[in-house]
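The end of the sequence shown is residue 294 by the working numbering, with every number in the run present.
Ideal placement from N, C-alpha and C gives every residue a C-beta, glycine not left out.
Take a look at the structure below.
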Amino acid sequence: MAGYVSGMGGAAGSFGGPRVISIANQKGGVGKTTTAINLGTALAAVGERVLVLDLDPQGNASTGLGIAPEARVRTSYDVLVGESSLLEASLATAVPGLYVVPANNDLVGVEAALANDGTRPFKLRDAVSALIGQQRSRPQDTPFSYVLIDCPPSLNVLTLNAMSAAHAVLVPVQCEFFALEGISQLKDTIDQIRATLNPQLEIQGVVLTMHDQRTSLSREVAENVRAFFGPKVYETVIPRNTRVAEAPSHGKPILLYDYDCAGSQAYIRLATEIIERERRFKAA
Ligand SMILES: Nc1ncnc2c1ncn2[C@@H]1O[C@H](COP(=O)(O)OP(=O)(O)O)[C@@H](O)[C@H]1O
Ligand SMILES: [Mg+2]
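Next up, the structure:
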């Protein structure tokens with residue numbers, strides 16, 4: 011991705027488009043949405059311009075970023091069916107540099123709306139291409155350097171669109187007994203998508219979430235996940251932290267709700283690790 015902007019806000023320069031990262035795991039409740047919100051915030055806090063794309067009909071990322079249901083005038087549904095661009099649908103959040111394309115239950119209808127459309131898995135990829143074009147033609151605006159896609163807990167047309175549009179997948183894995191169940195399925199899916207829809211797709215990394223250092227179970231799961239994925243697993247582990255769970259009900263990322271808590275500090279470290287890894291991808 012020569013020329014892709016990173017670092018402090020990014021002057022447009024030779025803009026090669028944002029880095030697109032899908033946050034995916036077909037298991038529910040593993041920390042996908044929490045990671046999308048808080049990683050997005052942490053990246054924005056170090057000067058990146060970030061767009062979180064809510065691709066879950068539950069709209070939890072939108073809620074957690076303070077977007078009320080009535081404010082979701084244009085949504086990711088409109089983007090997927092070609093009725094809105096990503097820029098038109100994006101809303102500012104309380105975090106400078108962090109924007110969100112919200113979602114609501116309309117997304118459930120995407121499958122039916124695109125039933126007879128042969129380019130169905132590529133709707134989001136096309137929308138990202140259009141975004142790059144739009145941002146190139148507006149050099150006065152700072153372009154997005156990251157798009158983070160919050161996937162639903164399933165391997166449906168929404169997740170396929172996310173995987174086709176993405177450069178890389180970030181997989182949150184919850185430190186609990188059934189953590190590895192379904193992980194090999196997700197890995198197979200990523201391999202299949204690489205072989206068909208998107209040859210460039212790579213695993214950005216695997217993040218261990220809701221880790222409780224007091225329990226041997228958490229430690230064992232972390233060891234197993236590291237044995238399975240090797241160096242793809244980030245050194246940063248997100249601890250189980252009640253402040254992290256409370257923040258969404260206030261419509262705030264954890265960094266705004268309680269900057270000093272262990273959860274905030276972990277997401278800042280994760281963002282640093284991800285930026286570092288991105289630099290290595292680019293250099294490779
Ligand atoms: N580090 C954490 N500590 C405590 N609770 C967490 C943490 N991460 C996520 N949660 C809570 O766990 C639940 C599931 O997380 P969520 O991010 O919504 O998962 P997913 O998007 O994968 O379904 C939510 O209630 C969330 O607030
Ligand atoms: Mg979610």
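Ligand 2 heavy atom lying under 7 Å from the CB of residue i
i: lysine 42; result: yes
i: asparagine 48; result: no
i: asparagine 114; result: no
i: asparagine 35; result: no
i: asparagine 70; result: yes
i: aspartate 66; result: yes
i: aspartate 127; result: no
i: aspartate 160; result: yes
Close-in-space but distant-in-sequence residues of the same chain around residue i (CB under 8 Å, 5 per side omitted)
i: glutamate 121; result: Asn166 and Val167
Residues of its chain near residue i, where Cβ-Cβ distance is below 7 Å and the 5 sequence neighbours each way are ignored
i: arginine 130; result: Leu124 and Val167
i: valine 40; result: Pro182, Val183, Gln184 and Thr219
i: asparagine 171; result: Leu90, Pro131, Lys133 and Leu134
i: phenylalanine 239; result: Val216
i: proline 79; result: Asn114
i: lysine 242; result: Ile213, Gly215 and Val216
Inter-residue CB distance, residue i and residue j (contact presumed, cutoff 8 Å)
i: histidine 177; j: glutamine 202; result: The Cβ separation is near 17 Å, so there is no contact.
i: methionine 220; j: cysteine 185; result: 6 Å
i: leucine 190; j: valine 235; result: 7 Å
i: alanine 71; j: glycine 107; result: Their Cβ separation, rounded to whole angstroms, is 16 Å, which puts alanine 71 and glycine 107 out of contact at 8 Å.
i: leucine 61; j: phenylalanine 154; result: 5 Å
i: proline 57; j: proline 112; result: A quick correction: the sequence has glycine, not proline, at residue 57. With 8 Å as the limit, glycine 57 and proline 112 do not qualify as a contact, their Cβ atoms being about 24 Å apart.
i: isoleucine 264; j: tyrosine 277; result: 7 Å
i: lysine 262; j: alanine 104; result: 7 Å
i: alanine 34; j: serine 95; result: Not confirmed; about 23 Å, so no contact.
i: isoleucine 31; j: leucine 196; result: Incorrect: roughly 15 Å between the Cβ atoms, too far for contact.
i: tyrosine 267; j: arginine 253; result: 7 Å
Cα-Cα separation between residue i and residue j, rounded to whole angstroms
i: threonine 43; j: proline 163; result: 10 Å
i: alanine 232; j: glutamate 286; result: 22 Å
i: serine 100; j: aspartate 127; result: 25 Å
i: isoleucine 193; j: glutamine 150; result: 43 Å
i: isoleucine 213; j: glycine 50; result: 18 Å
i: aspartate 64; j: aspartate 160; result: 5 Å
i: valine 118; j: threonine 199; result: 21 Å
i: arginine 59; j: threonine 169; result: 23 Å
i: threonine 45; j: leucine 97; result: 22 Å
i: glutamate 283; j: alanine 52; result: 11 Å
i: arginine 229; j: serine 274; result: 21 Å
i: alanine 281; j: isoleucine 77; result: 23 Å
i: aspartate 88; j: glutamate 288; result: 30 Å
i: glycine 143; j: serine 226; result: 50 Å
i: alanine 175; j: alanine 237; result: 29 Å
i: glutamate 256; j: isoleucine 47; result: 13 Å
Residue i Cβ short of 7 Å to ligand 1 heavy atom set
i: alanine 178; result: no
i: isoleucine 77; result: no
i: glycine 39; result: yes
i: valine 110; result: no
i: glycine 273; result: yes
i: threonine 169; result: no
i: threonine 219; result: yes
i: proline 249; result: yes
i: alanine 122; result: no
i: valine 254; result: yes
i: proline 209; result: no
i: proline 241; result: no
i: proline 163; result: yes
i: proline 258; result: yes
Cutoff 6 Å; reference residue i; Cβ partners in own chain excluding five residues on either side
i: proline 258; result: Gly74
i: arginine 250; result: Met220 and Asp222
i: proline 28; result: Phe154, Ser155, Tyr156 and Val157
- [ ] Please go through the region 149-183 and give each complete beta strand (DSSP E) segment of 3 or more residues, from N-terminal end onward.
- [x] 156-160
Open item on the list: As an exercise, report each continuous alpha helix (DSSP H) stretch of at least 4 residues that is fully enclosed by the region 74-145, in chain order.
Closed with: 86-90, 96-99 and 120-123
TODO: Can you check the region 182-240 for any beta strand (DSSP E) of at least 3 residues that lies completely inside it and give the ranges in chain order?
DONE: 212-221
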